[in-house]
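Protein chains in written order, with our numbering: chain A, 267 to 378; chain B, 1241 to 1356.
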């Protein structure tokens, strides 16, 4: 079945550092890919998405490119802020299964 | 636009007791999901509704969990009897508004269950 693998956390960075959170997936067909973010005490919210190969999703300074050849959708940000501290979930939908499937999440901690 | 509403936010019960969670999705969203999120893990789908029909409940422990979505709007998830391993956050999500791409979910804040 479809699956998503994310790098283990927590990722701890200083403010203004460069961020990469790795995400790879396994799916049949051509899924849409998503990054969701969960701030402390809140529900998950969509951060960005890409629906086909080579698409780049972007929002709030975050970017991720849908790489079909490497089955990856890595999340990047050039300069993180303390307010970016949260848990980030990679997800896919519409591959072999219609069930939206999530990775286990990567916690990001940004220090001033 | 109002978001996905869930209640209660927190619930503490003894094992073998019962509990119910309620969810009201975004107006017009045909698809409703219940996910279980155990601490340190990603959300795991329990059940997916399309209007008032069940699309997938393959990971719902049917000996103790039940869910319904009467009239295709709000939904209730029940656990009876609860076990210690049911301690988790229960997330409700909806999707399917006009023009929304498949898989884009809108989540509520979750209901945190602690089973003692």
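Glycine included, each C-beta is placed from N, C-alpha and C at the ideal position.
* To do: Closer than 7 Å by beta-carbon distance: list the chain B residues that pair up with residue 287 of chain A, in chain order.
  => Counted from its first residue, the first chain places residue 287 of chain A at position 21. Within 7 Å Cβ-Cβ: nothing; residue 287 of chain A doesn't reach chain B, min ~13 Å.
* Any idea which residues DSSP pairs residue 278 of chain A with across the strands? -> Here residue 278 of chain A refers to the residue found at position 12 of the first chain. Looking at the DSSP assignment, residue 278 of chain A forms a beta bridge with A:375.
* Compute the distance between the beta-carbons of residue 289 of chain A and residue 369 of chain A, then report whether it is under 8 Å. => Position 23 of the first chain, counted from the first residue, corresponds to residue 289 of chain A. Position 103 of the first chain, counted from the first residue, corresponds to residue 369 of chain A. Yes.
* **Pick from B:1354, B:1270, B:1282 that is closest to residue 1293 of chain B, judged by C-alpha positions** => Looking up residue 1293 of chain B in the second chain gives position 53. With distances taken between Cα atoms, residue 1293 of chain B lies closest to B:1270.
* To do: Would you verify that the beta carbon of residue 333 of chain A is, or is not, closer than 8 Å to some beta carbon of chain B?
  => Residue mapping note: residue 333 of chain A aligns to position 67 of the first chain, counting from 1. Judged by the 8 Å Cβ criterion, residue 333 of chain A is not in contact with chain B.
* **Continuous beta strand (DSSP E) assignments of at least 3 residues falling wholly in the stretch 1265-1337 of chain B** => 1271-1277, 1284-1290, 1293-1296, 1305-1308, 1315-1319, 1328-1335
* DSSP-derived helix/strand/coil call for residue 324 of chain A -> For this step, residue 324 of chain A is matched to residue 58 along the first chain. If DSSP states are grouped into helix, strand and coil, residue 324 of chain A belongs with the strands.
* The beta strand (DSSP E) enclosing residue 300 of chain A, as first and last residue numbers -> As a working mapping, residue 300 of chain A is identified with position 34 in the first chain. Element bounds for residue 300 of chain A: 298-304.
* Asked: Should residue 1249 of chain B be labelled buried (16 or more other beta-carbon atoms within 10 Å of its own) or exposed?
  -> Here the question's residue 1249 of chain B lines up with position 9 in the second chain. Label assigned to residue 1249 of chain B: exposed.
* **Interface residues of the stretch 295-321 of chain A facing chain B [CB-CB below 9 Å]** => 297, 298, 299, 300, 302, 304, 307, 308, 309, 310, 311, 312, 315, 317
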